[in-house]
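*Asks:*
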Amino acid sequence: MAIKVAFIGAGSVGFTRGLFRDILSVPELQDTVFGMTDINQRNLDMVVQLCRKDIEANKLPTRIIATTDRRKALAGADYVINCTRIGGLEAFKLDIDIPLKYGVDQCVGDTLCAGGIMYGQRNIPQVLAFCDDIRAVAADGALLLNYANPNAMNTWAANQYGGVPTIGLCHGVMGGHHQIAEVIELLVNGRTKPGSKRFVPVSSDDVDIICAGINHQTWYIQILYDGADWTDRLLAGFEAHPVYSQTEKVRIDMLRRFGYYSTESNGHLSEYVPWYRKRPKEIRKWIKLGNWIDGETGGYLRVCTEGRHWFKSGFAKRLKQAGNPITPEGRGGEHGSYIIEALETGRLYRGHFNVVNDNCITNLPEDCIVEVPGYVDGNGVNIPQVGDLPLGCAAVCSASVHVQRLAVEAAVRADVDLLKQSVMMDPLTGAVCDPEEISQMVDEMLITQRRWLPQYADAIPAARKRLARARAAKMYKGTKTSKGAARLKIKVRVK
1 MAIKVAFIGA
11 GSVGFTRGLF
21 RDILSVPELQ
31 DTVFGMTDIN
41 QRNLDMVVQL
51 CRKDIEANKL
61 PTRIIATTDR
71 RKALAGADYV
81 INCTRIGGLE
91 AFKLDIDIPL
101 KYGVDQCVGD
111 TLCAGGIMYG
121 QRNIPQVLAF
131 CDDIRAVAAD
141 GALLLNYANP
151 NAMNTWAANQ
161 YGGVPTIGLC
171 HGVMGGHHQI
181 AEVIELLVNG
191 RTKPGSKRFV
201 PVSSDDVDII
211 CAGINHQTWY
221 IQILYDGADW
231 TDRLLAGFEA
241 HPVYSQTEKV
251 RIDMLRRFGY
261 YSTESNGHLS
271 EYVPWYRKRP
281 KEIRKWIKLG
291 NWIDGETGGY
301 LRVCTEGRHW
311 FKSGFAKRLK
321 QAGNPITPEG
331 RGGEHGSYII
341 EALETGRLYR
351 GHFNVVNDNC
361 ITNLPEDCIV
371 EVPGYVDGNG
381 VNIPQVGDLP
391 LGCAAVCSAS
401 VHVQRLAVEA
411 AVRADVDLLK
421 QSVMMDPLTG
431 AVCDPEEISQ
441 MVDEMLITQR
451 RWLPQYADAI
461 PAARKRLARA
471 RAAKMYKGTK
481 TSKGAARLKI
491 KVRVK
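Using UniProt numbering, you'd call the opening residue of the sequence shown number 1 and step up by one each time.
This is the structure in structure tokens:
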């Protein structure tokens with residue numbers, strides 16, 4: 001029988017169509033039924049039209065059920081993919097702009113730091129609502145594949161409070177894996193140029209890794225190439241690389257000081273730790289502006305805004321274009337389709353997944369969400385034990401785990417005190433702000449984002465009063481006017 005895959009947040013520009021095509025590149029899955037749902041009818045319609053064009057162009061038996069009725073889309077689903085952005089770009093902008101008023105300069109703000117924590121407050125109640133619907137109408141044992149950030153917080157809430165087996169998925173490990181292969185190729189070949197008979201090409205397929213930690217702070221703790229571990233040689237290679245030596249200064253400095261390379265981009269990593277973005281005048285020392293992931297202030301917000309504008313303005317043209325063939329060769333690298341394929345066909349797939357720790361990493365809490373190697377086949381998802389992380393790497397991860405735990409509990413309990421404690425414990429925010437600044441910043445974010453935070457409805461009046469008293473006493477702290485130490489303008493605008 002055909003399986004059913006449901007997408008929540010199917011109007012996503014970045015994920016839905018790509019994952020849809022990846023699933024259909026597997027011959028055994030080409031009769032899959034897709035349930036696609038989104039609260040934005042226009043975005044949903046645009047994505048579904050493009051997907052239906054793909055079906056017609058490839059003459060596939062695939063069916064799509066597109067609806068704003070979430071339960072209808074989820075009914076009978078074997079797999080559910082969450083790619084929502086709760087609050088959309090409007091809330092995302094507040095996640096970046098309000099912390100700037102208090103001196104907190106973020107590149108992304110969707111995983112940790114003040115923006116990521118508030119993103120979690122918007123997401124977690126909805127993730128739990130998704131879980132309620134999955135338990136009610138999806139197939140028995142339906143698996144939730146969470147792509148939405150903050151990945152670890154969402155996955156933690158779904159597993160602990162949602163009652164639905166959930167795996168968090170991210171492509172960060174793969175990106176760093178490709179970089180490491182390039183660096184090893186540089187080290188192996190020295191001055192020998194590509195094209196020479198003596199040049200030895202090195203791809204990520206040639207380099208076996210073990211990567212472990214937490215989402216966006218995962219560490220390459222073993223790197224095997226040609227029968228040897230190259231972990232200790234990476235620093236010299238990255239320092240010598242003509243591109244990465246300039247674009248990955250934060251990651252290289254962390255490698256220098258902790259001994260292991262971290263998965264996430266320079267900009268992401270810079271906002272998870274307290275050292276690289278706390279003084280505005282020094283931020284540009286650590287970043288580049290050629291690509292948002294290198295550290296630009298609000299870089300991901302800019303790119304997402306431009307992407308949404310581009311998608312809307314160019315939709316009619318894209319719809320008229322001939323449909324592209326769906327082939328195994330054109331399949332993307334996202335884990336989702338490979339997990340579904342492995343569970344449905346029995347073919348083995350090895351990847352890195354975000355799962356409940358359950359003693360996999362022995363020096364991180366058992367109930368936290370870790371990103372670790374996993375194997376999937378017809379018997380299910382199997383996670384081997386990694387053991388202890390190196391002490392320094394574990395310490396960096398532990399700081400974030402405590403922030404995540406406080407944030408998850410705050411969202412579930414609608415507890416403002418826990419929410420403020422989570423922001424106080426955040427490494428970068430704590431390096432920049434004092435406790436009163438953090439308290440006012442959280443109150444301001446609660447008030448401005450109240451439409452997406454129904455669980456905090458009873459707390460909003462008190463937050464208003466606290467801010468009003470601070471202003472009346474001329475003790476209001478959100479007075480900085482900087483737009484960011486390294487902010488670029490949005491390039492594409494449409495009405």
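Cβ coordinates follow ideal geometry from the N, Cα and C atoms, glycine included.
Name, in chain order, the residues that DSSP records as bridge partners for residue 217.
*Replies:* 214, per the DSSP bridge assignment.
*Asks:* How is the alpha helix (DSSP H) around residue 461 delimited, first residue to last?
*Replies:* That run of the alpha helix (DSSP H) goes 460-472.
*Asks:* By how many angstroms is the C-alpha of residue 205 removed from the C-alpha of residue 351?
*Replies:* Answer to the nearest angstrom: the Cα atoms are 13 Å apart.
*Asks:* What does a CB cutoff of less than 8 Å around residue 388 pick up in its chain, not counting 5 residues either side in sequence?
*Replies:* Once the five neighbours on either side are set aside, the close Cβ partners of residue 388 are 361, 362, 363, 394.
*Asks:* Helix, strand or coil: how does DSSP classify residue 79 here?
*Replies:* If DSSP states are grouped into helix, strand and coil, residue 79 belongs with the strands.
*Asks:* Can you give me the C-alpha to C-alpha distance between residue 170 and residue 473, rounded to a whole angstrom?
*Replies:* Going from the Cα of residue 170 to the Cα of residue 473 covers about 46 Å.
*Asks:* Verify whether the separation of the beta carbon atoms of residue 343 and residue 376 is less than 8 Å.
*Replies:* Yes, Cβ-Cβ distance for residue 343 and residue 376 is below 8 Å.
*Asks:* Can you say whether residue 95 is buried or exposed, counting buried as having 16 or more other CB atoms within 10 angstroms of its CB?
*Replies:* Counting Cβ neighbours within 10 Å, residue 95 comes out buried, since at least 16 surround it.
*Asks:* Thinking just about the alpha-carbon of each residue, which of 152, 145, 151, 231 is nearest to the one in residue 79?
*Replies:* For residue 79, the nearest C-alpha among the options comes from 145.
*Asks:* Looking at the secondary structure, which residues open and close the beta strand (DSSP E) in which residue 201 lies?
*Replies:* Careful: residue 201 lies outside any beta strand (DSSP E) and carries neither H nor E.
*Asks:* Could you compute how far the alpha carbon of residue 464 sits from the alpha carbon of residue 111?
*Replies:* Answer to the nearest angstrom: the Cα atoms are 26 Å apart.
*Asks:* Determine the contact status of residue 299 and residue 108, defining contact as a CB-CB distance below 8 Å.
*Replies:* Taking 8 Å as the Cβ cut-off, residue 299 and residue 108 qualify as a contacting pair.
*Asks:* For the candidate residues 274, 231, 276, whose alpha-carbon lies nearest to that of residue 255?
*Replies:* Of 274, 231, 276, the residue nearest in Cα terms is 231.
*Asks:* Grouping DSSP H, G and I as helix and E and B as strand, with all else coil, what is residue 299?
*Replies:* Note: residue 299 maps to helix in three-state DSSP.
*Asks:* Starting from residue 46 and walking both ways along the alpha helix (DSSP H), at which residues does that stretch end?
*Replies:* Element bounds for residue 46: 41-58.
*Asks:* Just mark residue 385 as buried or exposed, buried being the case when its beta carbon has 16 or more other beta carbons within 10 Å.
*Replies:* It is exposed - the Cβ of residue 385 has fewer than 16 other Cβ atoms within 10 Å.
*Asks:* In whole angstroms, give me the CA-to-CA distance for residue 383 and residue 374.
*Replies:* Using only the alpha carbons, I get a separation of about 5 Å.
*Asks:* Measure the alpha-carbon distance for residue 409 versus residue 424 and round it to whole angstroms.
*Replies:* About 15 Å.
*Asks:* Cβ-heavy atom distance between residue 362 and the ligand PLP below 7 Å?
*Replies:* Of ligands this structure carries none, so the ligand PLP is not represented either.
*Asks:* Going by C-alpha distance, which of 355, 400, 33 is nearest residue 159?
*Replies:* Cα-wise, what sits closest to residue 159 is 355.
*Asks:* Could you give the first and the last residue of the continuous alpha helix (DSSP H) run that contains residue 90?
*Replies:* Its alpha helix (DSSP H) spans residues 88-101.
*Asks:* Suppose contacts are defined by Cβ-Cβ distances below 8 Å. Is residue 121 in contact with residue 419 by that definition?
*Replies:* In this structure, residue 419 lies closer than 8 Å to residue 121 by Cβ.
*Asks:* Counting only the same chain and skipping the five closest in sequence on each side, list residues whose C-beta sits under 6 Å from that of residue 239.
*Replies:* These residues qualify, in order along the chain: 245.
*Asks:* Can you give the beta carbon distance from residue 220 to residue 161, rounded, assuming they're within the 8 Å contact cut?
*Replies:* That belief does not hold up - the Cβ atoms of residue 220 and residue 161 are roughly 32 Å apart, past 8 Å.
*Asks:* To test your reading of the DSSP string, which unbroken alpha helix (DSSP H) runs of 4 or more residues are found completely within the stretch 132-207?
*Replies:* As far as the stretch 132-207 is concerned, its whole alpha helix (DSSP H) runs of at least 4 residues are 151-157, 172-189.
*Asks:* Exposed or buried, what is residue 406 when buried is set at 16 or more other beta-carbons lying within 10 Å of its beta-carbon?
*Replies:* Classification of residue 406: buried, given that the 10 Å Cβ count is 16 or more.
*Asks:* Considering Cα atoms alone, identify which of 270, 303, 209, 56 is closest to residue 93.
*Replies:* Comparing Cα positions, the closest option is 303.
*Asks:* Just to confirm before moving on: does the CB-CB distance between residue 32 and residue 65 stay below 8 Å?
*Replies:* No. Outside cutoff.
*Asks:* Taking the alpha carbon of residue 334 as the reference point, which residue from 8, 25, 242 has its own alpha carbon closest?
*Replies:* Considering only alpha carbons, the answer is 25.
*Asks:* Quick one, which of 259, 247, 62 has its alpha-carbon nearest residue 293's?
*Replies:* Closest by alpha carbon: 247.
*Asks:* Have a look at 12, 87, 46 and flag the residue whose alpha-carbon is nearest the alpha-carbon of residue 453.
*Replies:* Closest by alpha carbon: 87.
*Asks:* Relative to the C-alpha of residue 488, which residue among 290, 29, 168, 285 is closest?
*Replies:* Nearest option by C-alpha distance: 290.
*Asks:* Comparing alpha-carbon positions, which option in 281, 30, 460 lies nearest residue 415?
*Replies:* It is 460.
*Asks:* Considering only their Cβ atoms, is the gap separating residue 274 from residue 431 smaller than 8 Å?
*Replies:* Closer than 8 Å, so yes.
*Asks:* Which residues bound the beta strand (DSSP E) around residue 33?
*Replies:* Its beta strand (DSSP E) spans residues 33-37.
*Asks:* Comparing C-alpha positions only, which one of 347, 391, 401 sits nearest to residue 369?
*Replies:* That would be 401, whose Cα lies nearest to the Cα of residue 369.
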